[in-house]
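When we follow our numbering, the leftmost residue of the sequence shown carries the number 6, and every step to the right adds one. The C-beta atom is built at its ideal place from N, Cα and C for all residues, glycine as well. Notes follow the structure.
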Amino acid sequence: MSSNADIYHEMIVDYSRNPANYGKIEDYDVTFHDSNPLCGDSIDIDMKIDDNQITDIKFHGKGCAICMACSSVLTEITKGKNLDDVRNIEKNDVLSELGLEHLQAVRIKCALLSLKVLKSALYTYLGEHLNDSRDVDKLKEEAANLY
6 MSSNADIYHE MIVDYSRNPA NYGKIEDYDV TFHDSNPLCG DSIDIDMKID
56 DNQITDIKFH GKGCAICMAC SSVLTEITKG KNLDDVRNIE KNDVLSELGL
106 EHLQAVRIKC ALLSLKVLKS ALYTYLGEHL NDSRDVDKLK EEAANLY
């Protein structure tokens, strides 16, 4: 195993044992849940949003090491960001943080479950706060093209 692979492996293990932003937000502005029934991963993401910015984000649930590590990294990436910036987060933004760009297809759903939950929560929030039906349609199209 190369030293980079060792470092990434250590990061995944550390994040899975000591996840960042793990917990619940009681007075969240939006929450969303999804799961991966193939492997048993189950994640909820709660967000506080103020002035079009994610001021707090937490996740809770259970999952494999890759799922937990990616959920941790994703919450770190998004906390404090503008909603438009969060809408533009892509799978490689998360995967590259942990050296998982070439992850096997069978594990990709584990790695991207939190991104799916985050985007679904964001689209739910935005859908509830949009007034123009064209914006809602654009949001639905964006959500449909996530994966």
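Contacts around residue i, its chain only, beta-carbon distance under 7 Å, and the 5 residues preceding and following it disregarded
i	result
C44	C69, C115
R112	I71
L127	L88, V91, R92
L123	I50, L79, T83
F64	N26, Y27, I48, D49, I50, S76, T80, S119
P24	M73, S76, S77
Residues near residue i by beta carbon distance below 8 Å, same chain, minus five either side
i	result
D32	K53
K86	Q58, I59
I12	G104
Identity of the residues DSSP links to residue i by a beta bridge
i	result
M52	V35, I62
N87	Q58
D46	N41
K114	Answer is none; K114 lacks a bridge partner.
Cα-Cα separation, residue i to residue j
i	j	result
E133	I48	22 Å
I94	H107	18 Å
T129	S101	27 Å
I30	H38	14 Å
N97	V18	20 Å
L135	D55	15 Å
H14	V99	15 Å
M16	L103	7 Å
I62	D46	19 Å
Own chain, CB closer than 6 Å to residue i, minus 5 neighbours either side, in chain order
i	result
M6	Any reading at M6 is ruled out, since the residue's pLDDT is 47, under 50, leaving its predicted position unreliable.
Y20	A74, S77
V35	M52, A126, T129, Y130
L117	K96
Q109	none
Contact with chain B by residue i, beta-carbon distance below 8 Å
i	result
I71	Checking the listed chains, one finds no chain B in this structure; it contains a single protein chain.
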